[in-house]
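Student: One structure, as structure tokens, below. Some questions next.
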Amino acid sequence: MREPKDDQLIRQFGKRVRKARKREEISQEELALRAELSINQIGRIERGEINTSLIVVGRIAEALNVKVADLF
């Protein structure tokens with residue numbers, strides 16, 4: 112079972128992914144293609160519904176042209 116602070120971090124990460132994606136002016140579909148993920152997964156990450164792996168975090172950061180640290 113996750114702690115409330117963990118849920119907060121997951122939601123914060125999702126919000127920052129969404130913000131970076133919008134700054135790049137790309138759709139969830141385009142981000143999914145660039146990061147080699149499903150559109151569903153991108154949506155769930157942005158909504159803070161799933162705790163994702165570091166590998167996926169790295170793919171998203173690279174696809175958005177940001178540092179991993181910028182997403183936290």
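Residues 112 to 183 in the numbering used here are what the sequence shown spells out, letter by letter. Glycine is no exception: its CB is placed at the ideal position from the N, C-alpha and C atoms. This structure is a prediction, so every number in the text was calculated from the model and none was measured.
(1) When DSSP labels each residue in this structure, what does K133 get in the three-state scheme?
(2) Please work out which residues of its chain come closer than 8 Å, Cβ to Cβ, to S157, disregarding the five sequence neighbours upstream and downstream, and give them in chain order.
(3) Could you name the residues of the same chain whose beta carbon sits closer than 8 Å to that of N176, not counting the 5 residues immediately before and after it, in chain order?
(4) Could you give the distance in angstroms between the alpha-carbon of E173 and the alpha-carbon of I137?
(5) Leaving out the 5 sequence neighbours to the left and right, which residues in its chain are closer than 8 Å to D117 when beta-carbon positions are compared?
(6) Nearest to I150 by alpha carbon, out of F183, I171, S164 and L165?
(7) A58: buried (16+ other C-beta within 10 angstroms of its C-beta) or exposed?
Tutor: Taking the definition as stated:
(1) helix
(2) Note on identity: in this sequence residue 157 is Glu, with Ser being the wrong assignment. G125, K126, V128, R129, R132 and Q139, listed in sequence order.
(3) E135
(4) 14 Å
(5) N162
(6) I171
(7) Residue 58 is absent from the model: the chain starts at 112 and stops at 183.
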